[in-house]
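Mapped onto mature numbering (1 follows the signal peptide of the UniProt record, and there is no 0), the consecutive letters of the sequence shown carry residue numbers -35 to -1, 1 to 164.
We put the beta carbon where it would ideally sit given N, CA and C, even for glycine.
Okay, structure first, notes after.
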Amino acid sequence: MVRFRSQSHSLTLLCQILSPLLLLIFMIIIHPSYADEPDEPLRGKDLVNEVCNHTSDYKFCVDTLFPSAASAPSATAGEIANTALRFAQVKATDARVLIASLLLKNSSSSTDRRLLQRCQLDNNKTIRELSSANDDLNSDSIDSMVEDLNNAANATRSCQDTIRETPFSSALDNKNIEVIKLCEIGVVSTKFFTIDDFT
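Right under this line is the structure:
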């Protein structure tokens, strides 16, 4: 009985000594200062470069975004998406004005005019989708925004395909291609969104 009490006392003493020691070791292991710190999210020019690296036309992306506020040192992915979206809206509106101007000219065949009118319908859809994407960005509905941007790019491609063999193609090509690339930048930038983009 004495022997059992002695072993029990030794075990209790050992636990009293080891418990604080184990607790200290455990705290050191899980203390946040010893854990991997999360990387700061990319911002500004570094983020622009990263977004542009994931697009089909790096040069266009960089040339478009660097002169804008999207490359400011604290710019977020949301600001890049917003910039690309705004530029896409401007280019789509420029295309709308050009299409209306081309339709007013009577120098084209009736077939070409019908094709241009189909392109005009596609352009109208592009502008509607870009407007919806803007609303979605402002309401943090990112999946819907991505869908709207893809729909806008597809409508613009449809216009391009419709007028490919017409005399209007050269006049509209650059604007349409820019709309498509700007939509892509907007979509890619959403992959870099952080919680800061939703505040």
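Taking Cβ positions, are L81 and I128 nearer each other than 8 Å?
Taking the sequence shown and counting its residues from 1, the one referred to as residue 81 is at position 116. Taking the sequence shown and counting its residues from 1, the one referred to as residue 128 is at position 163. Cβ atoms of L81 and I128: closer than 8 Å.
Would you list, in sequence order, the uninterrupted alpha helix (DSSP H) runs of no fewer than 4 residues that lie entirely inside the stretch 75 to 123?
75 to 103
Report the three-state DSSP secondary structure of K156 (helix, strand or coil).
For the purposes of this step, residue 156 is taken as residue 191 along the sequence shown, with counting starting at 1. Reduced to three states, the DSSP call for K156 is helix.
Is it buried or exposed for V13, if we count other Cβ within 10 angstroms and need 16 for buried?
What you label residue 13 is simply residue 48 of the sequence shown in a count that begins at 1. It is buried - the Cβ of V13 has at least 16 other Cβ atoms within 10 Å.
Please report the straight-line C-alpha distance between A120 and P132, rounded to a whole angstrom.
As a working note, residue 120 is residue 155 in the sequence shown. As a working note, residue 132 is residue 167 in the sequence shown. The straight-line gap from Cα to Cα measures roughly 20 Å.
Inter-residue spacing [alpha-carbon to alpha-carbon] between residue 168 and R61
Any question about residue 168 goes unanswered here, given that the chain covers just -35 to 164.
Tell me which residue opens and which closes the alpha helix (DSSP H) that F25 is part of.
For the purposes of this step, residue 25 is identified with residue 60 of the sequence shown, where counting begins at 1. Run containing F25: Y23 to L30, per the alpha helix (DSSP H) assignment.
Proximity to R83 [Cα-Cα], best of N103, E94, E143 and R122
The residue given as residue 83 occupies position 118 in the sequence shown. For R83, the nearest C-alpha among the options comes from R122.
The alpha helix (DSSP H) that contains D59, what's its start and end?
Taking the sequence shown and counting its residues from 1, the one referred to as residue 59 is at position 94. Unbroken alpha helix (DSSP H) run through D59: A42 to L69.
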